[in-house]
Structure formats: C-alpha cells, structure tokens
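Let me begin by presenting the structure, written as structure tokens, before commenting on it.
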Amino acid sequence: MTELKEGIKAPSFKGVDQNGKTISLKDLIGNRIVLYFYPHDDTPTCTNQACNLRDNYTLLLKSGFHIIGISTDDVKSHKKFEKKYDLPFSLIADTDNSISESTAYGDGKNLWVGNSSACTVLLF
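Residues in the sequence shown are numbered consecutively from 5, following my numbering.
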C-alpha cells in the first residue's frame with residue numbers, strides 16, 4: 005500500500021452514490037474533500053462519525069469541503085442509511101472494493117490508518 009502524505013494530491017476514484025449519481029474525483033477538482041471510509045452502514049462508531057459530519061455539514065460547506073462517504077455496502081443500503089440519519093452527503097457504494105482496495109486508498113484491511121473495522125476520515 006502506498007502511504008499518502010500531507011500535501012500530495014488525492015488519488016483518482018469513481019463510484020455510484022445512494023442516488024445513482026456517478027461521482028469521480030476529477031469532477032471535484034479545485035474543491036476541498038472529506039473522504040469518509042467506513043466498514044458498513046449502521047455500525048455504531050461510524051454512524052456517530054457520519055452524524056457528526058452531518059451536524060457540521062453547513063460549516064464544512066462554508067469552508068469549501070465536499071463530504072463523500074465510502075463503504076462496501078450497496079446503493080440500497082446507503083439510501084436507507086441516508087434516510088435513517090438524514091445524511092446530506094453522498095455515500096459511494098464500493099461493492100467491489102475497487103476504491104478501498106486500490107493501492108492508493110488501502111488494501112481492504114488498511115485504509116491508511118486503522119483496519120476494516122475502523123472509520124477513516126481523509127481531508128484533501
């Protein structure tokens with residue numbers, strides 16, 4: 005796994021969110037991004053973190069950040085999670101692990117920090 009360091013550009017990714025919208029890093033060039041990796045929808049610690057991002061969403065937007073959640077759950081699960089917790093940001097369905105297992109973002113067990121049972125927030 006390649007370790008990311010402060011100051012480098014975020015590696016490219018592309019995926020579909022809970023609304024069926026394709027999201028790619030290249031579409032967000034010039035924006036600040038919070039990538040929120042988490043193991044599954046409705047896991048206790050990561051749900052708390054998602055709700056914290058929701059509660060601070062307006063402040064983050066005013067600071068120029070776009071928030072994107074990424075887990076291996078499918079679009080249907082993400083939609084349910086979004087509705088249950090009123091999450092205002094995109095949740096990408098990485099069902100094939102193409103983002104979380106890429107050499108840039110992790111190996112399926114390590115997402116720069118922690119392990120697959122941990123939530124990881126990255127700022128770009």
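Think of the CB as a built atom: it goes at the ideal place given N, C-alpha and C, for glycine as much as any other residue.
Please read these numbers as outputs of a predicted model, since none were measured by experiment.
Indicate whether Ile-74 and Ile-37 have their beta-carbon atoms separated by less than 9 Å. Taking 9 Å as the Cβ cut-off, Ile-74 and Ile-37 do not qualify as a contacting pair.
Evaluate Ser-55 with the Cβ neighbour count: other Cβ atoms within 10 Å of its Cβ, from every protein chain shown; 16 or more gives buried, anything less gives exposed. The amino acid occupying residue 55 in the given sequence is Cys; Ser does not appear at that position. It is exposed - the Cβ of Cys-55 has fewer than 16 other Cβ atoms within 10 Å.
Looking at Ser-81 and Lys-25, is the spacing between their C-beta atoms short of 9 Å? Contact: no.
So Gly-19 packs on Asp-78, CB below 8 Å; how close in whole Å? Rounded to whole angstroms, the Cβ separation of Gly-19 and Asp-78 is 11 Å, and the two are not in contact under 8 Å.
Are Tyr-61 and Ile-71 close, meaning C-beta to C-beta below 9 Å? Between Tyr-61 and Ile-71, the gap from beta carbon to beta carbon is short of 9 Å.
Can you tell me which residues form a DSSP beta bridge with Thr-62? In DSSP, Thr-62 forms no bridge with anything.
Just list the residues that DSSP pairs Lys-18 with in beta bridges. Within the DSSP secondary-structure output, Lys-18 pairs in a beta bridge with Ser-28.
For the beta strand (DSSP E) holding Ser-94, just list the boundary residues, first then last. Per DSSP, Ser-94 is one residue of the beta strand (DSSP E) stretching across 94 to 97.
Looking only at its own chain, which residues have a Cβ that is under 7 Å from the Cβ of Gly-68, when we skip the five neighbours before and after it? Around Gly-68: Asn-35 and Arg-36.
With a CB to CB cut of under 7 Å and the five nearest residues on each side skipped, what residues in its chain are close to Pro-92? So the list reads Arg-58 and Tyr-61, once near-sequence residues are dropped.
Please report the residue range of the alpha helix (DSSP H) in which Ser-81 lies. Where Ser-81 is concerned, the enclosing alpha helix (DSSP H) stretches over 79 to 89.
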